[in-house]
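Input: a single structure, listed below in structure tokens.
Protein chains: 2
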Amino acid sequence: MFFSKLGVGILRKLDESLLGHIPPFRKLGRPEIRAILDLAEPKRFAAGSAVFEEGLAAERFYLLLDGHIRVIRTTEGGDQVIALHIVAGQLFGIAAAIGRDTYPATAIPVDDCLVLSWPTSQWSNFTANYDGFATESYKVVGERMGEMNNRLVEMATQQVEQRVARAVLRLISQSGRKVAGGIEIDFPITRQNLSDMTGTTLHTVSRLMSGWEKIGLVKSSRRHIVVTDAHGLVVLSERSG
Amino acid sequence: MFFSKLGVGILRKLDESLLGHIPPFRKLGRPEIRAILDLAEPKRFAAGSAVFEEGLAAERFYLLLDGHIRVIRTTEGGDQVIALHIVAGQLFGIAAAIGRDTYPATAIPVDDCLVLSWPTSQWSNFTANYDGFATESYKVVGERMGEMNNRLVEMATQQVEQRVARAVLRLISQSGRKVAGGIEIDFPITRQNLSDMTGTTLHTVSRLMSGWEKIGLVKSSRRHIVVTDAHGLVVLSERSG
DNA sequence: CCCCAAGTTTGCTGAAGAACAAAGACCAAC
DNA sequence: GTTGGTCTTTGTTCTTCAGCAAACTTGGGG
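As you go down the protein sequences, you meet chains A and B in turn. Following my numbering from start to finish, the first sequence increments by one per residue and tops out at 242. Following my numbering from start to finish, the second sequence increments by one per residue and tops out at 242.
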């Protein structure tokens, strides 16, 4: 993690290049980025401590600088569903972008996270005055919508094994790190988590993973998954219909 | 249907009040609405003929004036999933709003539909120059996202009976008409359609509906459903977890 | 170093619902 | 009125996967 060793204070003097390569800010000049940074509140979150919770007033919007965030919804029955994962460089909590005034889900850091945030009241300022910010933000909304849509289709048409395989593939494509012998998911993830992403049980996920390990598709240990044969997993995820 | 008896030509001289009560245009004055109407292409679609198809270049965006539209996605395996229904007064095909240049799904009229459409190139003009248009459009995006999210959670956590019940309830809330003895879904809908909305089979939906009819929750005939005890259906939809 | 909590594996059983099958009902067109 | 296509119902069988239960593994904290 880039910033793990740095104190939060350092952000105050951080070079404007910090945001310069992140899509929503890519088109901006240094003075503009400086202005944006001056309005930002940097904050560190430990794994497990919610950044914001479903239903609360959306007072701020966020940018994840480092770490991974899990966006979850909890049903009345206590079931948890993981809606999506946020990776470094992405905006989140942007309820304002879609005309909402409460957060639709809860954001939980999976590991130590470093985030910037701004008051929601700044949203219209950003979209109106910073070139490309609105466009990029809506593109993010579009991508998430597309992903949700795909998952909906999967849930409706695919078997558990295919769904779990796709979830794993999605994770390595969004947040994979090349390692010797394959690609690993670069944040801690449990069978329970995978089952919350796919609408199944940890038991079933465990059985599937064991099976995959036996035929050489993955290698996993506690809270840790390496895909050793991504192609094989793709093939499996497309089986049967 | 309001316009069923009218020719399309009449739109050319339609009063500006036509759009005045529709949310995205609510804040506009008559000259502005006139300008928008002048850019619009009105068109009638018969049930079953696609307005646009998944994957095609998003050359226009649409407003549904009358009728009902079903937005579907088709898998490689040929399975169909109904993503949502559009009712009169709603924008659709607004890929531009979320930074896409192709349509993410196919739009099929369920009954005879009357739509207005504009070239996508006008999108930035509308959002920039017409007060409230952007805000309302993004609110629509937000609502659809919320609905999809809810369905995702349902698919992951609920049983078939609960899912189907909720689908029916959602339909009557979005597109219900009060009739003697209950609320009816005011467009034709088959068991197959309901199963495409809930990820089950027409057989299972048929069994469920028969059961519900027996205990007095609904009354249905060919392509036609009346909910006679909405409260009972809500109770049922919340059962078990 | 040991303990404990969190995470994982595995076996067994049963229920939900899909798949297969076939007949019946309704509607529109001829 | 007849015919054919679409939609619906109902029965039976079979698969998948959730539920329950219990043991095992792992790694961090005291």
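We put the CB at the ideal spot given by N, CA and C, even for glycine. All figures in this text were calculated on a predicted structure; none of them were measured in a lab.
- In summary, the residues of the stretch 87-111 of chain B whose CB is separated from some CB of chain A by less than 7 Å are A98, I99, G100, R101, P105, in the order they occur in the chain.
- Nearest to C114 (chain A) by C-alpha distance, out of A:R101, A:F93, A:D102, is A:F93.
- About 7 Å separates the beta carbon of S241 (chain B) from that of Q163 (chain B), a gap short enough to meet the 8 Å contact definition.
- Here the C-alpha atom of H204 (chain A) lies approximately 15 Å from the C-alpha atom of Q160 (chain A).
- Around the Cβ of T201 (chain A), a 10 Å sphere holds 16 or more other Cβ atoms; the residue is buried.
- Put simply, the stretch 38-57 of chain B touches the stretch 104-121 of chain B. At least three CB pairs are less than 8 Å apart.
- Neighbourhood of N150 (chain B) in chain A, by CB distance below 8 Å: R74, A84, P105, A106, M149, in chain order.
- Secondary-structure assignment with DSSP links Q81 (chain B) through a beta bridge to B:T75.
- Proximity of L153 (chain B) to chain A, defined by a Cβ-Cβ separation below 7 Å, is satisfied.
- In the three-state reduction of the DSSP assignment, A58 (chain A) falls in the strand class.
- Interface residue (Cβ-Cβ distance to chain B less than 7 Å): V169 (chain A) is not classified as such.
- Annotation for S238 (chain B): Q163, A166, R167, L170 place their beta carbon closer than 7 Å to its own, counting only its chain and skipping 5 residues before and after.
- For Y63 (chain B), DSSP records a beta bridge to B:F93, B:S118.
- Beta-bridge partners assigned by DSSP to R45 (chain A): A:L115.
- Scanning A:M210, A:L66, A:S221, A:A157 for the CA closest to the CA of G78 (chain B) turns up A:A157.
- The three-state reading of DSSP puts T107 (chain B) in strand, counting E and B together.
- Note on geometry: alpha-carbon atoms of I226 (chain A) and G147 (chain B) lie some 31 Å from one another.
- Residues are counted here when their Cβ sits less than 7 Å from a Cβ of chain A; for the stretch 110-140 of chain B these are T136, Y139, K140, given in chain order.
- Chain B places a beta carbon closer than 7 Å to that of G200 (chain A), counting this residue as a contact.
- Excluding sequence positions up to five before and after E17 (chain A), its CB lies within less than 6 Å of the CB of R31, I34, R35, all in the same chain and listed in chain order.
- D197 (chain A) sits close to V82 (chain A), with the two beta carbons spaced by under 7 Å.
- Per DSSP, reduced to three states, the secondary structure at G233 (chain B) is helical.
- Between A157 (chain A) and chain B, the shortest Cβ-Cβ separation is below 7 Å.
- Not flagged as an interface residue toward chain B: M210 (chain A), since no C-beta distance is shorter than 7 Å.
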